[in-house]
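Every number in the working numbering is 118 more than the matching position in the sequence shown, counting from 1. Ideal Cβ placement from N, Cα and C applies to all residues, glycine included. All values derive from a computational prediction rather than experimental measurement. Following: one structure in structure tokens, then a few remarks.
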Amino acid sequence: MTWLILVVLILTVLMLVIGTLSPLLGLILISLSVGALIYIVFRTLHIHYYAFKKLQRSGGTWAGFLRHVSGISPRTGDSYFIFLNKDKNLVLDDRQKQIIIENYKITRIAVMEAALITKINDREIADLMGMEAHPALHAVRSWLARNPSAKRQFMMLIYVDDYNNEDAQLNNELIFFSDIEGKGHIKELLRQPAIAVKALYIPKGTKIEELYPGEGHKPRRRKIRTSSEADKMLESKERAADNSTEPFSPL
119 MTWLILVVLI LTVLMLVIGT LSPLLGLILI SLSVGALIYI VFRTLHIHYY
169 AFKKLQRSGG TWAGFLRHVS GISPRTGDSY FIFLNKDKNL VLDDRQKQII
219 IENYKITRIA VMEAALITKI NDREIADLMG MEAHPALHAV RSWLARNPSA
269 KRQFMMLIYV DDYNNEDAQL NNELIFFSDI EGKGHIKELL RQPAIAVKAL
319 YIPKGTKIEE LYPGEGHKPR RRKIRTSSEA DKMLESKERA ADNSTEPFSP
369 L
């Protein structure tokens, strides 16, 4: 979105210079573009500042900003700050309330390209997450159909094993978050020792035949067991190419 606004702004200025655009329309387009850029910069700074201050107060080691897709409430599309606090629990914060998921309740955290979820069935998702029951993922696939840009980004799946229907915090044992805005820093989470032992990382671009190869072929999917193994799997050149590996920095 930012690049699109910049392109509109640059083209508007060029068209005003060469005289192919009326001054009034050009002024309107420039005002709208500059206003949109100011809003994006302000929102980004606010997100980083909020995450940094909350992380500082809680003594945590990781923070991310992700879009909720399914698992917490019937509503989809809400943005959540997610923190790994000093007790190694995940804290889900929508700036109105906080939900704490204790570390012992988390059976697995999987990270994969969202497009892969649209290509594999519910049973295969259950196998990846180590679930006995098959989850119903029609809401997730419907959300991805409405947000096609999210298919190119990572999606994080959290399997809460000690879940029950009376738990007021969650409405499902499988929670989905999308890194549609690129502020999730998900790979940084997978390098945290308390999470690495429960994590499954599937690289972007993994194909179905690589995930479920035929006889005699080695699968490409890789389980992150320890933080040291996670560092080996996420090579330095891959980190440099992926902006999602940078932690929130002080402002």
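Collapsed DSSP secondary structure at residue i in the structure displayed
i	result
residue 327	helix
residue 211	strand
residue 174	helix
residue 132	helix
residue 120	helix
residue 353	The predicted position of residue 353 is uncertain, since its pLDDT is 42 and thus under 50; a value taken from the coordinates is nonetheless stated next. If DSSP states are grouped into helix, strand and coil, residue 353 belongs with coil.
residue 127	helix
residue 219	strand
residue 194	coil
residue 164	helix
residue 138	coil
residue 152	helix
residue 158	helix
residue 298	coil
residue 258	helix
Anticipated Cβ contact below 8 Å, residue i with residue j, distance rounded
i	j	result
residue 272	residue 231	6 Å
residue 308	residue 317	5 Å
residue 277	residue 247	4 Å
residue 320	residue 227	Contact doesn't hold; Cβ gap of about 12 Å is too wide.
Exposed unless 16 or more other CB atoms sit within 10 angstroms - verdict on residue i
i	result
residue 137	exposed
residue 346	Note on residue 346: pLDDT 41, under 50, position unreliable in the model; the coordinate value appears next. The residue in question, residue 346, is exposed, as its Cβ has fewer than 16 Cβ neighbours within 10 Å.
residue 284	Below a pLDDT of 50, predicted positions are generally treated as unreliable, and residue 284, at 49, falls in that range; the measurement from the model is reported next regardless. Result: exposed.
residue 219	buried
residue 251	exposed
residue 189	buried
residue 323	exposed
residue 173	buried
residue 237	exposed
residue 301	buried
Cβ-based neighbour list, residue i, same chain, cut-off 7 Å, excluding 5 preceding and 5 following
i	result
residue 253	240, 243, 244 and 292
residue 187	194, 258, 261, 294, 295 and 296
residue 142	none
residue 154	123
Own chain partners of residue i with C-beta closer than 8 Å, once the 5 adjacent residues on each side are dropped
i	result
residue 185	195, 196, 197, 198, 268, 295, 296, 297, 298 and 299
residue 325	none
residue 371	Because the chain in this structure spans residues 119 to 369, residue 371 falls outside the shown range and cannot be described.
residue 176	201, 203, 204 and 209
residue 235	243, 255, 258, 259, 262 and 273
residue 216	209 and 210
residue 130	139, 144, 147, 148 and 151
residue 279	223, 224, 225 and 291
6 Å Cβ shell around residue i - same chain, five flanking residues per side excluded
i	result
residue 133	139
residue 274	229, 295 and 304
residue 127	151
residue 233	269
residue 206	221 and 312
| When the Cβ atoms of the stretch 173–182 are set against those of the stretch 141–158, are three or more pairs found closer than 8 Å? | Per the Cβ contact rule, the stretch 173–182 is not in contact with the stretch 141–158 (fewer than 3 Cβ pairs under 8 Å).
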